[in-house]
Structures are given as structure tokens and as C-alpha cells.
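164 is the number that the UniProt record's numbering gives to position 164 of the sequence shown; each next residue is one higher, with no gaps.
First up is the structure itself, then whatever we jot down about it.
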Amino acid sequence: MSWDRAISFTLPWEGGLSNHPADRGGLTNMGITQTTLNRAHKKGTVKHNNVRALSKDEARIIYKAFYWAPFAWDRYTEPIDMILFDCCVNHGMGGTADIVQRACVSLGASLMIDGKWGPQTRGVLYEVAWKNGLALSKMLITKRLAFYDRIVVARPSQKSFLKGWRNRTLALAKTCGVRV
Numbered sequence: 001m002s003w004d005r006a007i008s009f010t011l012p013w014e015g016g017l018s019n020h021p022a023d024r025g026g027l028t029n030m031g032i033t034q035t036t037l038n039r040a041h042k043k044g045t046v047k048h049n050n051v052r053a054l055s056k057d058e059a060r061i062i063y064k065a066f067y068w069a070p071f072a073w074d075r076y077t078e079p080i081d082m083i084l085f086d087c088c089v090n091h092g093m094g095g096t097a098d099i100v101q102r103a104c105v106s107l108g109a110s111l112m113i114d115g116k117w118g119p120q121t122r123g124v125l126y127e128v129a130w131k132n133g134l135a136l137s138k139m140l141i142t143k144r145l146a147f148y149d150r151i152v153v154a155r156p157s158q159k160s161f162l163k164g165w166r167n168r169t170l171a172l173a174k175t176c177g178v179r180v
């Protein structure tokens with residue numbers, strides 16, 4: 001159930017075929033970059049590496065294989081699993097690690113903010129999620145919104161995406177019943 005709910009939220013936000021000049025991912029289809037599709041093809045996850053020909057079913061398979069299963073998001077309760085999955089799809093693992101670390105530290109955890117997804121980050125996240133899941137859900141959304149602001153400060157060319165990113169995150173919060 002959690003996977004179905006998570007992908008049902010995330011996939012529509014990823015859109016269709018896109019090659020926006022300011023998008024650092026380059027040519028994408030349903031949020032899948034050519035680089036990710038090449039990796040999926042090489043691993044045998046999908047049978048081709050033509051991003052233009054990517055089907056919705058293939059995108060779902062890639063998202064589950066690369067952004068859900070390796071991180072065991074289903075170990076977490078709803079809505080934390082859904083928030084983390086969408087974050088991972090939108091920000092990659094480094095961005096997600098940064099957001100998770102900042103959220104956990106804001107809730108009193110002792111953790112270095114280094115943007116790395118290591119055993120300490122996983123352990124602290126798991127502990128905070130089970131002790132105070134509601135506060136963590138809200139803090140993940142809050143820190144994600146702040147993350148977008150830091151992106152735009154560091155790379156002003158990304159400002160054209162800011163409104164859409166914020167709308168996506170606020171829609172996620174609403175879908176998850178998280179008030180920000």
C-alpha cells in the first residue's frame with residue numbers, strides 16, 4: 001500500500017518528456033534522466049535505454065528499483081515513507097541525506113550534516129521516525145522547503161523551478177496530512 005500511494009503522488013509531479021535548458025538532468029521522461037535510464041538498462045531493470053520511448057510502467061519499475069527498495073522506505077510508517085521517497089526522487093540521495101540530517105538535528109538528534117547517506121544517518125532517522133514520526137514528517141517538509149531556497153541561492157538559474165518545487169512539496173504535505 002505504501003509504495004502504491006507514494007508512486008501515485010510522485011509520478012504525476014515528474015511530468016512527461018522534458019528537456020528544459022536550465023534542468024541539470026537534461027532530457028528526462030517522467031523524471032527519469034538518460035543517465036538513470038542507462039543505469040537501469042545496464043542492470044537489466046528495463047530492456048532499452050531510449051528515454052523518449054520510456055513507458056509509465058517502466059518508469060514505475062525504475063523508481064521502485066532505484067529510489068524505493070534500496071532505501072527500504074517501507075520500514076517507515078506513512079507518511080514518512082512517502083515524504084522520503086518523493087524527496088529521494090526530487091533531490092537524489094545526497095539532497096535527501098542533507099534534508100534528513102537537518103530535520104533530525106532540529107529535533108534534537110546528534111548527527112553531522114554532511115549530505116552522506118551512511119549508517120549513522122539511517123540509524124538516527126529510524127530512531128527519530130519511531131519516537132516522533134509526526135514531528136519528523138513536519139520537519140522534513142520544512143527542511144525541504146529551505147533546501148530549495150539554498151539551491152536557488154547557490155544556482156540562480158534554478159529559480160525558474162522554485163514555484164513548482166514549493167507547490168509539489170506543499171501538495172505532498174497536504175496529501176500526507178502534515179501542516180506546515
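Glycine included, C-beta positions come from ideal geometry on N, C-alpha and C.
Since the model is a prediction, treat every value here as computed from it, not as a measurement.
In whole angstroms, what is the alpha-carbon distance linking residue i and residue j?
i: L107; j: T10; result: 26 Å
i: L170; j: A69; result: 25 Å
i: N132; j: G26; result: 38 Å
i: D149; j: L134; result: 24 Å
i: L172; j: I83; result: 7 Å
i: E14; j: Q120; result: 30 Å
i: A22; j: L145; result: 20 Å
i: R155; j: V46; result: 33 Å
i: G44; j: H20; result: 28 Å
i: M93; j: I113; result: 14 Å
i: H91; j: P12; result: 16 Å
i: R24; j: T35; result: 12 Å
i: N49; j: S110; result: 42 Å
i: G95; j: Q101; result: 10 Å
i: L136; j: S8; result: 22 Å
i: V51; j: G118; result: 31 Å
i: V180; j: W165; result: 15 Å
i: T175; j: K42; result: 35 Å
Return the first residue and the last residue of the alpha helix (DSSP H) that residue i is part of.
i: G92; result: 80-106
i: P119; result: 119-131
i: K116; result: Looking at the DSSP string, K116 is not in any alpha helix (DSSP H), and its letter there is neither H nor E.
i: K56; result: 56-63
i: L170; result: 162-176
Between residue i and residue j, which are expected to be in contact by the criterion C-beta below 8 Å, what is the C-beta distance as a whole number of angstroms?
i: A40; j: F66; result: 7 Å
i: K116; j: A103; result: At roughly 15 Å, the Cβ-Cβ gap does not stay under 8 Å, so K116 and A103 are not in contact.
i: L140; j: C87; result: 7 Å
i: V178; j: K138; result: 5 Å
i: L37; j: L17; result: Wrong, their Cβ atoms sit about 12 Å apart, outside the cutoff.
i: F147; j: I80; result: Not a contact, Cβ separation roughly 17 Å.
i: W130; j: K64; result: With 8 Å as the limit, W130 and K64 do not qualify as a contact, their Cβ atoms being about 24 Å apart.
i: K159; j: V152; result: 5 Å
Sort out for me which residues DSSP pairs residue i with in a bridge.
i: S18; result: T28
i: T33; result: T28
Report yes or no: do three or more beta-carbon pairs, one from the segment 120-132 and one from the segment 66-84, lie closer than 8 Å? yes
Any chance the segment 55-69 sits against the segment 31-45, with 3 or more Cβ pairs inside 8 Å? yes
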